[in-house]
Amino acid sequence: MRKPIIAGNWKMNKTAAEAVALINELKPLVLKSKPEVVICVPYTALWAAKDAIAGSKIKLGAENVAWADSGAFTGEISADMLIEAGVEFVIIGHSERRQYFGETDESVNMRLKQALKKGLKPIVCVGETLTEREKNKTKRVLKKQILDGFKDIAAEDFDNIVIAYEPVWAIGTGKTATAEDANKTIGYIRSLIKKTFGAEVAKNLRIQYGGSMKPSNAKELMAMRNIDGGLIGGAALKAGDFAAIVNYKD
Ligand code: PGA
-10 MRKPIIAGNW KMNKTAAEAV ALINELKPLV LKSKPEVVIC VPYTALWAAK
40 DAIAGSKIKL GAENVAWADS GAFTGEISAD MLIEAGVEFV IIGHSERRQY
90 FGETDESVNM RLKQALKKGL KPIVCVGETL TEREKNKTKR VLKKQILDGF
140 KDIAAEDFDN IVIAYEPVWA IGTGKTATAE DANKTIGYIR SLIKKTFGAE
190 VAKNLRIQYG GSMKPSNAKE LMAMRNIDGG LIGGAALKAG DFAAIVNYKD
């Protein structure tokens, strides 16, 4: 059985002090959580968050990682820097990175390889835009993102990989894909993984849904066969909402 994984993506929100306050509010609410719980926080909050989550089940994630070990890459952050700050998970290829910062399937692939080499657990984001969806290109787009993004990745590496399917039109818009739709599309992603990396990998790989997931729709989404968790943006910034998603079964 695949263990569900609920990850918060804080994006560019919360100073270090604010992060500590949010974590302190969250900690008692997720003490008995059944899913794996991750919070991906801004770089400047990592060290403070590392201390604040001590003694809880919450795991720490970052929102990106450089493909190089070190060197002249102004504005980037290395895997070693993240690991030192207590990071276990890292989001790669979020649609906002693709949309605003020139991230491509090729750069996603380079970052992914580096994360795996350093022992970080990547949460790789894929998903179609509204225009692509309306033009019936969803499958084609996902296929390219998966084949190019996961180029030369070994089957055994998938033990440490999570995929997040986030339809771009559902991110921060309040529009959620219907649970059936999300399940079907994630099923397609799983079938692609099966074809490319084998049945065992596809069976064990955790694939999250992301895009306006909130307490009111978490249970329905999580009940779907192919959906193994959520990548949560807006609702991750409120302790009560995030905890309600984590505790969707209660
Ligand atoms: P949202 O963001 O939950 O605010 O839609 C999800 C994400 O971008 O990861």
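Its first residue numbered -10, the sequence shown is counted upward by one per residue in my numbering. For glycine and all other residues, C-beta sits at the position ideal for the given N, C-alpha and C.
Inter-residue spacing [alpha-carbon to alpha-carbon] between residue i and residue j
| i | j | result |
| --- | --- | --- |
| Ala6 | Pro111 | 26 Å |
| Ile142 | Tyr89 | 26 Å |
| Ile221 | Gly82 | 15 Å |
| Ala57 | Ala104 | 10 Å |
| Gln218 | Tyr198 | For the record, residue 218 in the displayed sequence is Gly; it is not Gln. So the two alpha carbons sit approximately 6 Å from each other. |
| Ile(-5) | Thr33 | 22 Å |
| Asn13 | Phe62 | 34 Å |
| Trp158 | Thr118 | 6 Å |
| Gln134 | Val115 | 6 Å |
| Ser67 | Leu35 | 13 Å |
Residues that residue i bridges to, as DSSP identifies them
| i | result |
| --- | --- |
| Lys110 | Phe78 |
| Tyr154 | Val115 and Tyr198 |
| Ala(-4) | Val27 and Leu220 |
| Gly50 | Cys29 and Phe78 |
Range covered by the alpha helix (DSSP H) that runs through residue i
| i | result |
| --- | --- |
| Ala188 | Ala188 to Asn193 |
| Gly64 | Neither: Gly64 is in no alpha helix (DSSP H) and is coded neither H nor E. |
| Lys227 | Per DSSP, Lys227 belongs to no alpha helix (DSSP H) and is neither H nor E. |
Assigned secondary structure, residue i (DSSP; H/G/I helix, E/B strand, else coil)
| i | result |
| --- | --- |
| Leu20 | coil |
| Ser84 | helix |
| Ser180 | helix |
| Tyr89 | helix |
| Met211 | helix |
| Asp170 | helix |
| Ser45 | coil |
| Thr4 | coil |
| Lys248 | No information on residue 248 is available, as it lies outside the stretch -10 to 239 that the chain covers here. |
| Gly138 | helix |
| Thr148 | Checking the sequence, you will find Asp at residue 148 rather than Thr. Helix. |
| Lys133 | helix |
| Lys39 | helix |
| Ala34 | helix |
Residue i Cβ short of 6 Å to the ligand PGA heavy atom set
| i | result |
| --- | --- |
| Asn(-2) | yes |
| Gly223 | yes |
| Leu220 | yes |
| Gly200 | yes |
| Ile112 | no |
| Gly91 | no |
| Ile160 | yes |
7 Å Cβ cutoff, residue i in contact with chain D
| i | result |
| --- | --- |
| Phe139 | Annotation note: the requested chain D is absent from the structure, which comprises a single protein chain. |
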